[in-house]
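Peer 1: So for the sequence shown, my numbering puts the first residue at 1294; every next one is plus one.
Heads up, the beta-carbon is just placed ideally off N, CA and C, and yes, glycines get one too.
It should be emphasised that the depicted structure is a prediction, and the values quoted were computed from it without experimental measurement.
So that we are looking at the same thing, I have put the structure below in structure tokens.
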Amino acid sequence: QRPEQVVRSILFRLGQDRFAMVLVAGPAQVAWKTLRQHLGQSRLTTATEEEVLSVTGYPIGAVSPFGLPQPLPIYIDESVLAEEEISIGSGVRGTTVILRSADLRAALPDAEIGIFRVV
């Protein structure tokens, strides 16, 4: 697979006990200012390793948007959907799920799609 096909699921802390997940493709970097503005937040940080495990149930490096223990706002950068086939965290380090990007979209109907990466 090419780097653009590897999807990273990044958990952000929005405030006290509030989190959101952003999915970006491969080497893309999250546009922090854009994300803050979109979420109406003056400040946000990436979640700590402990928070990631607590909120998602998955260790860093294996985070998946599927099977989350509680509902979580998910934002998908449009670059993720540009590839027909993608690879995303499975919940187990060293193992990924390979699927069509259209199937990812169908599996996450409430996720918001936008430009959340540095362009």
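Under a Cβ-count criterion, where at least 16 other Cβ atoms within 10 Å of its own Cβ denotes burial, should S1347 be classed as buried or exposed?
Peer 2: Exposed.
Peer 1: Taking the alpha-carbon of Q1309 as reference, which of G1350, E1342 and R1336 has the nearest alpha-carbon?
Peer 2: With distances taken between Cα atoms, Q1309 lies closest to R1336.
Peer 1: Measuring CA to CA, which of T1389, L1316, V1390 and E1343 is closest to G1370?
Peer 2: In the sequence under discussion, the amino acid at residue 1370 is Asp, which differs from the Gly named in the question. Ranking the options by Cα distance to D1370, first place goes to L1316.
Peer 1: Check whether the region 1327-1335 touches the region 1384-1393, taking contact to mean three or more Cβ pairs, one atom from each stretch, closer than 8 Å.
Peer 2: No, because fewer than three Cβ pairs between the region 1327-1335 and the region 1384-1393 fall closer than 8 Å, the two stretches do not touch.
Peer 1: Which one of D1396, F1305, I1406 and Q1330 has the shortest CA to CA distance from E1343?
Peer 2: The residue with the shortest Cα to Cα distance from E1343 is F1305.
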